[in-house]
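Let me begin by presenting the structure, written as structure tokens, before commenting on it.
Protein chains: 2
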Amino acid sequence: MMLDNTWFVEKSYFEKFAMAWKVRKKLHSEQSKFQKIEVLQTESVGKLLLLDGKTMVSEIDEFVYHEVMAHIPYMVARKCEKVLIIGGGDGGVVREFVKHKDIKQIDLVEIDERVIEVSKEFFPECTQGLDDPRVNILAEDGIAFIKSKTNEYDVIIIDSTDPEDFASGLFTSEFYKNVSNALTEEGIMMNQTENPFLDEWGVGKIYKNMRAQFPHVQSFTAPMLIYPGVFWTFGFSSKKYQGTQLNPDKIRHMQSLERSLKWYNTEWHKGAFALSNFHKKKIGL
Amino acid sequence: MMLDNTWFVEKSYFEKFAMAWKVRKKLHSEQSKFQKIEVLQTESVGKLLLLDGKTMVSEIDEFVYHEVMAHIPYMVARKCEKVLIIGGGDGGVVREFVKHKDIKQIDLVEIDERVIEVSKEFFPECTQGLDDPRVNILAEDGIAFIKSKTNEYDVIIIDSTDPEDFASGLFTSEFYKNVSNALTEEGIMMNQTENPFLDEWGVGKIYKNMRAQFPHVQSFTAPMLIYPGVFWTFGFSSKKYQGTQLNPDKIRHMQSLERSLKWYNTEWHKGAFALSNFHKKKIGL
């Protein structure tokens, strides 16, 4: 059976595996200073954002990634007043953080401001938090930005693409050292760490780099239907707390909020850190 | 980007989503009395078994499905001497059950004996347990087989394809009633319950049918890289126990066994039953 050009196909795993979505219409296409930005209207996952031909955000599953990236570190942090997001120009992680009233400042450092503009046009449900007065949008290179920061952020989110091209620097030990320096003594780093079945990018090496800079490094998974192989891993790195040590002061507030969330709840949070043998082996445990 | 005929493509979700594997060679193809049976040598998931053009078993991920289907009910059951598997002609679930010495009898009721023969030839790592003297292989229709059984099995596994054609009867309330009758008073039923993102088969209805016959119905997920959308749900139905109530007498034995398992461990087991809001909503909780 062949797929014709009415499908968008993303090949991965050294071009040996593919996922594909039936396309109704191409809504947008441009070449920014950094990458090709496209938006497709699909038959299966609603609107789909592509960067350089790779799936980034879809209407059907964006809540999974955005909720876990924001609420997991928020619920563990004892103080979460100042947050930094590197990447994440679609605004989804910001949308989740602004739901917490004790957060005072959210810096979004997105290298490509065209991603933000295109997201505002086609994914308004993602970008609705960007107008919050606590949010500062900086069109800068996150790798350079973080070098000058010390003991400043309570939580840092690395909301990046795969470890290639200009994003490859976001997976190095040197970068994680700079993140650690930019964090407070109780700080938490969250990052996306790829699919361990289709281990195209060396997930073990990524975790080794994280462990070189943080005393507590853990992993969990959540499904991203549009990403290669779906079974997606996320990293939780901290100077002080385990990922399952939820802040008791926040539990009551979250119990009320989580009724409106589409994925996250505190029971799921605690369970997600219990890993399969496969997952442990892949990240070097 | 198009995919040519060097790829095997499985379309799902009403032909709007697809996953594809680069094929090196077709190893086998036949039309049995019930279905088309094919084996492909792929570049990404090793050997791949297809039934009527749908992915069933691959070398790269078969351990996930087979380990969770066997060890989760085994670890909850207070007595697990007699086991029934409906479907499962690849032998993978049997392979996992025969690792437990207290199991006295395993009945495998597979409607299509050609699936067993083809699996023996191409997936010997799956079928290695079928020669165990405790295993009875019955080439019969599981739906008819179970009607005559009462209070007989400690655990029943429904290792089926999607709810269509001759497998559709394995997802009805009437069938679950017959399974319940065939189980002892402490019995456990396990089944595969599809992908809730690409909800092609009505996962909510499947769970409703299960709840109509069992007082305890729970769900968990494990990834099946070759199944549509990967994020796979499994059902745990019991007359007496919750899925997280592990049998304390078995913990020590499992601690020694689980070092040789590729997916299952008791910590993962307990965590897997903590569901996301999305999962709860899809199964009607």
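Here the protein sequences come in this chain order: A and B.
For the first sequence, the working numbering assigns the number 15 to the initial residue and increments by one for each residue that follows.
For the second sequence, the working numbering assigns the number 15 to the initial residue and increments by one for each residue that follows.
Using N, Cα and C, we set each Cβ at its ideal position, and we do this for glycine too.
In this text the structure is predicted, and so the values were computed from the model without any measurement.
- For Q45 of chain A, the uninterrupted beta strand (DSSP E) segment begins and ends at F31 to Q45.
- For G218 of chain B, the enclosing alpha helix (DSSP H) has its first and last residue at V217 to R225.
- The beta carbon of I151 of chain A lies closer than 6 Å to those of L122 in the same chain, with the five residues before and after it left out.
- Following the DSSP letters along the chain, one finds Y278 of chain A in no beta strand (DSSP E), marked with neither H nor E.
- Taking CB atoms only, G285 of chain B has a neighbour in chain A less than 8 Å away.
- Within the segment 106-180 of chain B, the runs of alpha helix (DSSP H) at least 4 residues long that lie entirely inside it are, in chain order, 106-111, 127-136, 138-141 and 156-161.
- The C-beta of I265 of chain B has fewer than 16 other C-beta atoms within 10 Å across all chains shown, which makes the residue exposed.
- According to DSSP, residue pairing for T247 of chain B in a beta bridge involves B:T235.
- Boundaries of the beta strand (DSSP E) around N205 of chain B: L197 to Q206.
- Y221 of chain A has a beta carbon lying at 8 Å or more from every beta carbon in chain B.
- Think of a sphere of 8 Å around the beta carbon of K30 of chain B: the chain A residues whose beta carbon falls inside it are W35, K36, T56, E57 and S58, in chain order.
- The secondary-structure analysis by DSSP pairs W21 of chain A across a beta bridge with A:K36.
- Taking the Cα positions, T56 of chain B is about 6 Å away from W35 of chain B.
- Taking a Cβ-Cβ threshold of 9 Å, the residues of chain B close to N279 of chain A are A288, L289, S290, N291 and K294, in chain order.
- Between F292 of chain A and W21 of chain B, the C-beta gap is not smaller than 8 Å, which leaves the two residues out of contact.
- Within the DSSP bridge table, the entry for G101 of chain B names B:D173 as partners.
- A distance of 8 Å or more separates the beta carbons of Y190 of chain A and V97 of chain A.
- Per DSSP, Q269 of chain A is one residue of the alpha helix (DSSP H) stretching across I265 to L271.
- For a Cβ distance threshold of 7 Å, residue set A288, L289 and S290 of chain A lies close to W282 of chain B, ordered along the chain.
- Note that the C-beta distance between I160 of chain B and A196 of chain B is below 8 Å.
- In this chain, the alpha helix (DSSP H) harbouring V82 of chain B covers E76 to V90.
- Assigned with DSSP and collapsed to three states, S187 of chain A falls in helix.
- Chain-ordered, the chain B residues with CB closer than 9 Å to the CB of F211 of chain A read V59, I74, D75, P237, L239 and V244.
- The three-state reading of DSSP puts V193 of chain A in helix, counting H, G and I together.
- With respect to chain B, the C-beta atom of L17 of chain A has a partner C-beta closer than 8 Å.
- Beta-carbon to beta-carbon, W246 of chain B and T235 of chain B are separated by about 6 Å, close enough to satisfy the 8 Å threshold.
- A direct Cα-Cα distance of roughly 9 Å separates K296 of chain A from D213 of chain A.
- Neighbourhood of V23 of chain B in chain A, by CB distance below 9 Å: M15, M16, L17, A32 and A34, in chain order.
- Within the segment 261-278 of chain B, contact with chain A at the beta-carbon level (separation under 8 Å) is assigned to E272, L275, K276, W277 and Y278.
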